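Worksheet for the structure shown next.
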Amino acid sequence: MAEDLTINKGTKQEQYESLFPQIRGLLEGETDLVANLGNIAAALKEQFGWFWVGFYLVKDQELVLGPFQGPVACTRIRKGRGVCGTSWEKASTLIVPDVEKFPGHIACSSLSKSEIVVPVLRDNAVLGVLDVDSELPDQFDDTDKQWLEKIVALLSF
Ligand code: SME
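Anchor point for the sequence shown: position 33 equals 37 in our numbering, and the numbering is continuous, going up by one each time.
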């Protein structure tokens, strides 16, 4: 596996097109979940420079903080709480252009302004979520949804 990322400076679509095969390469032949979650978070942070990128994993009926890149964050989130807990409950991706307008948003940092949360699914069960936060409003769209869903689908639990 390659251990250096090549950073693309093009459009968002071009950035994902360049990053996706590199992430697939990082995961190839590695079955350890923590190692793979850590590398996905690091690769996304390095390519896009987002404020916070990381995973929460379902453990004992809660989401528990997993590998991430960025400032320290809340460790446990209940089902239906905040953006992450709502994405878990609905088993679907949520795009939040303005976190202050999302009822029940959990402000791990007041610097976070927009967010996307993508569930990690296996056989329709949510095993965790990928959470990405930006310091700028309205940073996430269908391109992010499409590619981040493709990226988490590379994970095998
Ligand atoms: N804002 C999230 C909580 C996680 S942190 O942003 C890292 C939420 O409302 O679920």
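Virtual Cβ for every residue (Gly too), placed ideally from N, Cα, C.
These numbers were taken from a predicted model, which means no experiment stands behind them.
Tell me the residue span of the beta strand (DSSP E) that contains GLY92.
Residue 92 is actually Trp in this sequence, not Gly. Counting along the chain, TRP92 falls outside any beta strand (DSSP E), though it belongs to the alpha helix (DSSP H) covering 86 to 94.
Comparing alpha-carbon positions, which option in ASP36, ASN40 and LEU61 lies nearest GLY132?
Comparing Cα positions, the closest option is LEU61.
In angstroms, rounded to a whole number, what distance separates the CA positions of ASP102 and PHE52?
C-alpha separation (whole angstroms): 19 Å.
Ends of the alpha helix (DSSP H) at GLU50?
37 to 52 is the span of the alpha helix (DSSP H), which, as asked, contains GLU50.
Rounded C-beta distance between VAL87 and GLY74? I'm assuming under 8 Å.
In fact, because the Cβ distance is near 15 Å, the residues do not count as touching under 8 Å.
Check ASP142 in the structure and name its three-state DSSP category.
In the structure shown, ASP142 sits in coil (DSSP, three-state: anything other than H, G, I, E or B).
What does the alpha-carbon distance come out to for the pair LEU48 and ASP135?
Looking at the two C-alpha atoms, the distance is approximately 11 Å.
Run the CB neighbour count on ASN128, radius 10 Å, all protein chains shown included, and call it buried at 16 or more, exposed below.
By the neighbour-count rule (16 or more Cβ atoms within 10 Å), ASN128 is not buried but exposed.
Of all the options SER160, ALA39, GLU139 and ASP64, which has the alpha carbon lying nearest to the alpha carbon of SER114?
That would be GLU139, whose Cα lies nearest to the Cα of SER114.
Is there contact here, the stretch 30 to 41 with the stretch 12 to 22, by at least three beta-carbon pairs under 8 Å?
They do not touch, by the three-pair rule.
On the CB-based measure, 16 or more other CB atoms within 10 Å of its CB, does GLU7 come out buried or exposed?
It is exposed - the Cβ of GLU7 has fewer than 16 other Cβ atoms within 10 Å.
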